[in-house]
Amino acid sequence: MGRTTARAPGRPRRLLRTVAAGLTALAAAAVGLAVPGSATAAEGDGPTVYLAGDSTVQTYDPYWVPQAGWGQMLDRFFSEEVTVANHAIGGRSSRSFIEEGRLDAILERIQPGDYLFVQFGHNDATVSRPERYTPPEDYKEYLRNDYIAGARAKGAVPVLVTPVSRRSFDPATGEFHVSFPEYVQKVHELAAEEDVLMVDLSASSRGYLDGIGPEEAKSVFLHVPAGVYPNRPDGTVDDTHFQEYGAIQMARLVAQGVAGLDTPLAQYVREAGPPAEVPAAPTGLRTDTVSNASVRLLWDEVPGADIYRVQLREAADPAAEFRLGTTATVGVAQLGGLGEETAYEVRVVAVNGRGESQPSAVLTFATVAADLRFDFGPVGQPVAEGFTEMNRTVLYTEERGYGLTAAGEMIDRDRGDAAGDVERDFVAWFGGSYEFKADVENGRYAVRAYVGDLLGSARTLFAFEGYDFGQVSSPSRQVITRDFEGVLVEDGQLNVVLSGQTAHLNGLEITRVGGLPGEGGGGAEEPPPGPRFMERLDRAPVAVLAGRKNNPNKGVRLGWRMLGTDPDDVAFLVYRDGRLVTEEPLTGATSYYDDKGKKKSVYQVVTVVEGQETDRTARFGVWRDQSLEIPVNRPEGGTTPDGTAYTYHLNDASVGDLDGDGRYEIVQLWNPSNAQDNSRPGHTGNVYVDAYTLDGEQLWRIDLGRNIRAGAHYTSVIVYDLDSDGRAEVVLKTADGTVDGAGEVIGDPDADHRNSSGYILSGPEYLTVFDGRTGAALATTDYAPARGNVCDWGDCYGNRVDRMMMSVAHLDGERPSLIVSRGIYTRSVLVAFDWDGTSLGKRWTFDSNLWGPKYVGQGNHQMSVADVDGDGRDEIVYGAMTVDHNGRPLYSSGLGHGDALHVGDLDPAREGLEIFSPFESMSASGGIAAALRDAATGEVLWSMPGTRDTGRGATGDIDPRHAGSESWAVTADGAWNSRSGELRAADGTLLGGAIPSANFMIWWDGDPLREILDHSFDPEGEEPAGRPYIAEWDWERGVQEEILSPAGVYSNNHTKGNPVLQADLLGDWREEVIWRSADDSALVLFITTEPTGLRLRTLMHDPQYRLAVAWQNESYNQPPHPSFFLGDGMTRPDAPVIRYAGAGR
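According to mature numbering (1 follows the signal peptide of the UniProt record, and there is no 0), the sequence shown holds residues -41 to -1, 1 to 1104 in order.
Structure follows, in structure tokens:
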């Protein structure tokens, strides 16, 4: 689903992010409107659709609910590749939109291949408003000379949209009039004259309204009763603007119009046709939280529903008619304005373009009494019964347990006894802010606020516990209530900061509605952990023929591992053909050049500790060149149910010691050629997972079956010794019909849960642990986080529900645990499992929905694992938020979703670790395109400004002139292969606008600087995949120079261009890289032959690096980073605190 609009906290329909449009957010906030240009960033490389228009098109912030513009809803009818950037704003005509610089703001950003949709006319026709009025002929020329010409000059595609119809009809016949006919005609003329695309929304909306009739059209337009929406206490009758339901129907008509155009954008339209029938009745209606004045309701969403209407009545009067309580576009709603300690009956109906469903079953609940009540006003004024007096002199003390932190320039007023004791008086601070706090028990709270002035209007912004909960705007001479849900108190004190234009506050009612999620956790009393269990690895010696040009057949480069448990002074001897070739034990780098070595030489490496030989490697021969070809068994292709043929390609891989011999084996993923991104429909072939030795022996094959869809976000390959017995297990998501490595079927072998679009949204989901030696299933349990209601994850067609990942973390600081996640754009759930050798047991569950809105929509397309707070236990860095080792939130940076993530000691001048990552949505991030953050606290240390989705960013020490790791991102244009953006030093110093490729990094040559790993790829070219290379950054010229460009191999995953695997697999501390052969007959492992004088232990015994290799294959692959700074001027790291797994076996 394409995405456009921000939503209120607690309504996870789609990601809470928008793309800034270059207009002032403050000015928009002052009138309660969403910032123009709101959009969510696309995941793919599809076009951006820019919208220029009026209030019937614009995006509205939650204060205006249920008002919405069709541009706000357009995203749901396009696939994820499309970004909708809505710059429409109310009250503008084609002329005033230009005069205010709003068209220029679009043209500054629009790119070749993007689209500019233009709908005006409503305000152009207002003769009484000269600042808006534009005669039809002038209107036509503005469209021609400014909008059409401006878009075409930028290589974009203009699309004219005729003015949408108003609720204006002939009372005698019920037929709707053509709204603004002169302006409609001018659009038709211009479309023909300029050969420009046109969507005739005037005609299609009029036809739709004629079909439903004037009375039903009230549900389309803004006809809402009094007392339902807090911002509309007297109700609204408006025949021009739309409710959310109506905006959805208009957006559907626009999408239908696009689908009929001869334009590439038409291929991205999805599910825009009218529904065949009304939705089914909602089920599963239940309460989430109940306070003294509100209830949060949940229900199972219904496929095909556009909105839901929540109806209620007092339970004491069962003969009364149900009345409208509120509306929602998802299966969650907050129903406010309820009486205290009162019983109610509620039900829900689902609505689409065909009408209403049957109502759900009736649910009965009763509100409770508030825990605390405060009446704000002047000193000595009447205090409402049951309330505590609060005035400017009541400052917080520990003894009192409540009060203001400071009075400052606050004022207070009493407007007399024309209203109740709470409503009559207030405190305020015009243009300032103040804080009220009250000591309370930790838990979840609902807060009712009274805001208003019986002699004027009031506008107050509320922030609870440091998180913005939005504005309450009271009309003139009224006092209204607003019920806030989802306030989490974790420190024994509820903090409220009030600000805004007037910052009025008349009263507060505070009700505890539940405990904290996972209450009883913690960790403060946990004992310090012991050494971590890690793999017992061998020396992995390797010898490569690396002769000089004058004698290419003589000269061998050798390398071997220094292990994590080796003493600091360990030394080594090298034997060739049984004879010692090193005169003295080698105490430097675990690398040696034997100038007399030949291609038939045979070597051994001997370990020396305190002058004594302690072990010898097995004898090993010489590679003829720096690559090792590992043959594989390519699966046969097949045909999908729709008759489409497919073949198989090598995809991502992981490694582990499957048999306990100290050598790595490869666990390899095979993807069919019709693998799909979650946003795209289509059947796929089965996914296979193989295991191979480095010699190419196939150990087993697992067929995941037809009920596991193929694509980057569906299958995680976890290879790790989870029970610390010395042998690695393999963990995969499985389903009915999965066949393990021993030929046994998991679940129902005949089940087929695929729907007509190829998605798998029903049927059981499993999590299976496999024996690494045989591929046999050891244990299978229900997959968690469970799918549940598909719509709960941000859409209803199967995209966001299946954004799944896995990783491994040492949560107790010693033994590994499995981390399984679901959801990144809205709701995110993480579950930790422990494997004891026979069964998987849940350790904890983190659910962003339970921890409040600041944890919603923060996930990335990968997660990183590191001990960010220095307590010896691992945390989960889940994009812009971090989950502590005990499953409780550590923090949320609130910067939103991103596509890349790097965690390491990037700035060695600071204590601890840092995080570098780019971000998609500039409104979610506050205009931050990429940032370096403190990994322990989430604090932004420095940032790069941006105006659009920044999908690529990387970090590595590439310039020895500056301390620490340099970081860069594609901030200039956001393109995946851009070489323009910002390059900054570890301290944030801007080094320039020329950047290296922002993809993978690799330690390849002999110095500690890191090299660039990327590919050359033309998505429109004849090559099916990218040609990989390794390059060095020339910091003086600001260019990168390729140092390895192997032939006959391909990169993976389209534009992402990652290798099959990158890790320190063999030899000394430097990294190897595996790419796939062009014909998919082999994996090709490349190793450096460059000399090095740097002595380091194998990176695979650094716990953070090893875990990064385990999760490297997740979704959008990222390079691994160790827990220490590895770069120019580095301090030699301490030996890791580890012990070998399986020591007693």
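We put the CB at the ideal spot given by N, CA and C, even for glycine.
Note that the structure is predicted; figures quoted are calculated from it, not measured.
Check	Outcome
Starting from ARG268 and walking both ways along the beta strand (DSSP E), at which residues does that stretch end?	266 to 273
In chain order, which continuous runs of the beta strand (DSSP E) of length 3 or greater are located wholly inside the segment 125 to 212?	156 to 158, 180 to 183, 195 to 202
Please work out which residues of its chain come closer than 6 Å, Cβ to Cβ, to GLU1001, disregarding the five sequence neighbours upstream and downstream, and give them in chain order.	TYR988, ALA990
What is the DSSP secondary structure of ARG61, counted as helix, strand or coil?	helix
Check for me: the alpha helix (DSSP H) holding ASN808 runs from which residue to which?	807 to 810
Quick one: using the 10 Å Cβ neighbour count with 16 as the cut-off for buried, is HIS856 buried or exposed?	buried
Do the segment 395 to 413 and the segment 436 to 443 make contact, defined as three or more Cβ pairs closer than 8 Å?	yes
Compare the beta carbon distance of TYR534 and PRO594 with 7 Å and say whether it is the shorter of the two.	no
Could you check how far apart the C-beta atoms of ARG91 and ASP83 are, in whole angstroms? I think they sit under 8 Å.	7 Å
Under 7 Å, do PRO1018 and TRP1028 count as touching if we go by C-beta distance?	no
In whole angstroms, what is the alpha-carbon distance linking SER53 and LEU102?	7 Å
Any chance you could list the beta strand (DSSP E) runs of at least 3 consecutive residues sitting entirely within the segment 259 to 342, in chain order?	266 to 273, 282 to 287, 291 to 294, 302 to 311, 322 to 325, 331 to 335
In the segment 11 to 83, which residue ranges form an unbroken beta strand (DSSP E) of at least 3 residues, counting only runs that do not cross its ends?	42 to 45, 74 to 78
Indicate the three-state DSSP secondary structure (helix, strand or coil) for TYR551 in the structure shown.	strand
Helix, strand or coil, according to DSSP, for ASN104 in the structure here?	helix
Just to confirm, is the Cβ distance from ARG122 to TYR106 under 7 Å?	According to the sequence shown, residue 122 is Pro rather than Arg. Result no, Cβ atoms of PRO122 and TYR106 do not sit closer than 7 Å.
Under 8 Å: do the segment 470 to 477 and the segment 218 to 237 share three or more Cβ pairs, one atom per stretch?	no
Just to confirm the assignment, what range does the alpha helix (DSSP H) spanning MET881 have?	881 to 884
Considering Cα atoms alone, identify which of GLY621, ARG351, ILE971 is closest to ARG938.	ILE971
With a CB to CB cut of under 6 Å and the five nearest residues on each side skipped, what residues in its chain are close to ALA895?	VAL827, ASP828, GLY871
Relative to the alpha-carbon of ALA735, which residue among TYR725, LEU720, ILE705 has its alpha-carbon at the smallest distance?	ILE705
What did DSSP end up calling LYS113 once you bin it into helix, strand or coil?	coil
Going by DSSP, what residue range makes up the beta strand (DSSP E) through GLN999?	998 to 1003
For ASP908, which three-state DSSP category applies?	coil
If you run the structure through DSSP and keep just helix, strand and coil, what is HIS921?	coil
In angstroms with no decimal places, state the Cα-to-Cα distance between ALA1041 and HIS712.	33 Å
Are there 16 or more other CB atoms within 10 angstroms of the CB of VAL118, so buried, or fewer, so exposed?	buried
If we count the other Cβ atoms within 10 Å of its Cβ and call it buried at 16 or more, is VAL14 buried or exposed?	One point to set straight first is that residue 14 is Ser, not Val, in the sequence displayed. With 16 or more Cβ atoms within 10 Å of its Cβ, SER14 is classed as buried.
Taking TYR725 and THR693 to be in contact with their CB atoms under 8 Å, please state how far apart those CB atoms are, rounded to whole angstroms.	4 Å
Whole angstroms are fine: how far does the CA of LEU968 sit from the CA of GLY587?	Looking at the sequence itself, residue 587 is Leu, so the reference to Gly does not match. Near 25 Å, if we compare the C-alpha coordinates of LEU968 and LEU587.
Exposed or buried, which one is PHE389 when buried takes at least 16 other CB atoms within 10 Å?	exposed
Who are SER876's beta bridge partners in DSSP?	ALA890
Applying the criterion that 16 or more other CB atoms from any shown protein chain within 10 Å of the CB defines a buried residue, is VAL399 buried or exposed?	buried
If you measure between the beta carbons of GLY12 and ALA44, is that distance less than 7 Å?	no
Taking its Cβ as the centre, do 16 or more other Cβ atoms sit within 10 Å of ASN592, making it buried, or is it exposed?	exposed
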